[in-house]
Amino acid sequence: MLLCRPNFFFWTSKQRLNFHLFSTVPNPRLPSPLSSLPPTPGITQIKQAHARTIVFGLANDGRITPHLLAFLAISSSSLPSDYALSIYNSIPHPSVFATNNMIRCFVKGDLPRHSISLYSHMCRSFEVAPNKHTLTFVLQACSNALAIREGAQVQTHVIKLGFVKDVFVRNALIHLYCTCCRVESAKQVFDEVPSSRDVVSWNSMIAGFVRHGQISDAQKLFVEMPEKDVISWGTIISGCVQNGELEKALDYFKELGEQKLRPNEAILVSLLAAAAQLGTLEYGKMIHSIADSLRFPMTASLGTALVDMYAKCGCIDESRFLFDRMPEKDKWSWNVMICGLATHGLGQEALALFEKFLTQGFHPINVTFIGVLTACSRAGLVSEGRHFFKLMTDTYGIEPEMEHYGCMVDLLSRAGFVYDAVEMINRMPAPPDPVLWASVLGSCQVHGFAELGEEIGNKLIQMDPTHNGHYVQLARIFARLRKWEDVSKVRRLMAERNSNKVAGWSLIEAEGRVHQFVAGDKEHERTTEIYKMLEIIGVRIAAAGYSANVTSVLHDIEEEEKENAIKEHSERLAIAFGLLVTKVGDCIRIIKNLRVCGDCHEVSKIISQVFEREIIVRDGSRFHHFKNGSCSCQDYW
DNA sequence: GACGATATAG
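In terms of full-length UniProt numbering, the first sequence opens at residue 1 and continues consecutively.
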């Protein structure tokens, strides 16, 4: 039987692919243990083939087992390295081919240090000499392990063994230096032997520049490169997105379309991330329709990017609709959906989904608990929040990060457990972010813990003297205590230190464009109409019983704000513009960088009723859905 | 006998 398998051992996986294409029925006269494997088999298929080699008595055949390792290295499944190692160890005198593939298996199994050890063992034993493949794989391991010293040592081997002109090896070196923050060294490798450069060298170098924020160098190289492939386009587009050059990313995408090139999934995912970041729904929808029209399969990655985009653009229903219909979901799909529901204030739904996530056998990660704790915080579920925090650390062994503490401190202090929140901050292993204290300070102001607030306010001003908000909060607390001298002292300090507010902006999409407003903005082409609309709003909401939320207690400190800031806050301008471009029953979507102020929140509620519009606002930390005079956050934010 | 480069989620 064995004699009927001419040349089997020398088939490459590519040749085998052709074999499968041309003969739809496998030849029963060739019962090879590996012949039925597809080009990139899954782990189960490989194990079955392995079982067949054992059945055929070929388990120790030095010509078959290295191929098993090669299949494991390119397998479509994730890899248990100990299984590969047991096969490797069964080979009495491993060839360089076998060892190379074992090195690859360790890389794939996320054990790059093992790859490096095996390589150094190979060098020391002198049984077989490393070849160009060995060097490529071990350099890849060094990149994954961020092992720059070992990598540099391998570079000396590259010289010694005479592979300096091998383009694969050179590219592996470029990649290594780029991942280890040595862009200059990478550029040196890139420049040294221009004849040993191909499109991958250029792509790697561009990616290196992108990763280090040198986006203009990346763009320069992109323009210079002799030929571009779809990965070059993907690299530059995602690079622009990562560096906040979202318009530029869109320009490149247009150019790609003009050249009649088909984008790949990575490009669409990057662009969806850009839309999500900006909150530009129309733009996100456009990418979605491109994905549909090009018949991209709904993979977990693409689906997750869409779910995230819709959630971040305020369409939580659409986001959930897509999530429920995704044919394949991974842990990230669930995490994104849980966090999306939580930021939209749908705490109970988020927690229900978390339960489902667990019953599906997924293992929660740090991000999952950020969603879960945010959900508890938004829904005011204090005991549940405490329970999940404990579950995270005790059951799942996840070390709480600043964000987890942030959620807990927020949860406790909002609910009035201000001293518990302080205790939690004091128990933290790392120095707390000022944001945590600021959140407690806010609650002190709301819940009337004046002395504690005074203490925290002073502490915050010391920690972060340029932050305007701390002074304002502290002044409010003094005002509550009627310590007017202290109020003016704080205000003087604020002026002296020239502490500045982060410039607030609001944006709204309309007529195929993004319109951005800052407070008191007069730049927009429809400024006159907008300010007229503000007046109309003033009259109509007053008729509905609104009076400005500037209480007598605060009167002393917020005179200017009362006049300018409140009335002409960027979101008021955006809403006024939104009213101009929409009709009754429509939805106005606004994205803000800062949190909504109390007065704007109140006004938005009334506008939603008086003008019969739904207003969806994404602020610095959450979503507000204003409808029929009330908000989804139930005034709890 | 085989190698390399791009993406997202708080």
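Ideal placement from N, C-alpha and C gives every residue a C-beta, glycine not left out.
Beta-ladder partner(s) of residue i, from DSSP
i      : result
Lys627 : Ser630
Gln516 : Leu507
Ile616 : Arg589, His625
His50  : Partner(s): none; His50 has no beta bridge.
His114 : Bridge partners of His114: none, in fact.
Cα-Cα separation between residue i and residue j, rounded to whole angstroms
i      : j      : result
Leu594 : Ala49  : 59 angstroms
Asp110 : Ala352 : 33 angstroms
Glu318 : Asp166 : 50 angstroms
Phe222 : Thr280 : 27 angstroms
His363 : Lys331 : 8 angstroms
Val617 : Glu265 : 30 angstroms
His470 : His524 : 32 angstroms
Gly406 : Glu349 : 21 angstroms
Lys329 : Phe163 : 43 angstroms
Asp635 : Leu139 : 55 angstroms
Pro434 : Lys583 : 43 angstroms
Gly62  : His175 : 33 angstroms
Lys260 : Lys254 : 10 angstroms
Met337 : Gly629 : 27 angstroms
Val128 : Glu227 : 38 angstroms
Lys532 : Glu247 : 31 angstroms
Arg211 : Glu511 : 35 angstroms
Glu602 : Ala542 : 12 angstroms
Ala305 : Ser289 : 14 angstroms
8 angstroms Cβ cutoff met for residue i and residue j
i      : j      : result
Ser413 : Ser439 : yes
Phe357 : Trp334 : yes
Leu452 : Val418 : yes
Leu481 : Ala450 : yes
Ser570 : Ser621 : no
Met225 : Ser216 : no
Pro293 : Ser270 : Residue identity check: residue 293 is Ser in the sequence provided, not Pro. No; because the gap between Cβ atoms is not below 8 angstroms, this pair is not in contact.
Met309 : Leu272 : yes
Gly538 : Ala519 : no
Cβ shell of residue i (< 6 angstroms), same chain only, five flanking positions each side left out
i      : result
Asp420 : Leu412
Pro112 : Ala141, Asn144, Ala145
Ser632 : Gly345, His625
Ala375 : Ala342, Gly347, Ala350, Leu351
Ala207 : Thr235
Cut-off 7 angstroms between Cβ atoms - residues of its own chain near residue i, not counting five sequence neighbours on either side
i      : result
Phe611 : Leu579
Ala475 : Val487, Val490, Arg491, Ile557
Gln60  : It should be noted that the sequence gives Asn, not Gln, for residue 60. Result list for Asn60: Ser90, in chain order.
Lys627 : Ser608, Glu614
His447 : Gly416, Val418
Option nearest residue i by Cα separation, candidates the options
i           : options                        : result
Ile588      : Glu529, Glu509, Gly538         : Glu509
Ser196      : Gln219, Phe209, Arg170         : Arg170
Ser78       : Leu37, Ile43, Asn101           : Ile43
Gly371      : His387, Gly361, Asn458, Ala342 : Ala342
Leu85       : Ser76, Asn101, Val96           : Asn101
Lys220      : Ala147, Lys567, Ile236, His212 : Ile236
residue 645 : Glu150, Val189, Val307         : A question about residue 645 goes unanswered here, because the residues of the chain that appear run from 1 up to 637.
Ala147      : Ser115, Met122, Gly457, Cys123 : Ser115
Ser81       : Ser75, Phe106, Ile64           : Phe106
Cys600      : Asp586, Asp619, His212         : Asp619
Ile591      : Met326, Ile267, Val514, Ser547 : Val514
His133      : Gly213, Ala70, Cys178          : Ala70
Arg182      : Met205, Trp437, Pro194         : Met205
Asp521      : Leu573, Glu535, Gly545         : Leu573
Near the ligand NAD: residue i beta-carbon under 7 angstroms from a heavy atom
i     : result
Asp61 : What this structure holds is no ligand at all, so the ligand NAD is not there to describe.
Cβ shell of residue i (< 8 angstroms), same chain only, five flanking positions each side left out
i      : result
Leu68  : Leu34, Ile46, Ala49, His50, Thr53, Ile87
Asp229 : Val199, Asn203
Lys285 : none
Gln445 : Gly453, Gln473, Arg476, Ile477, Arg480
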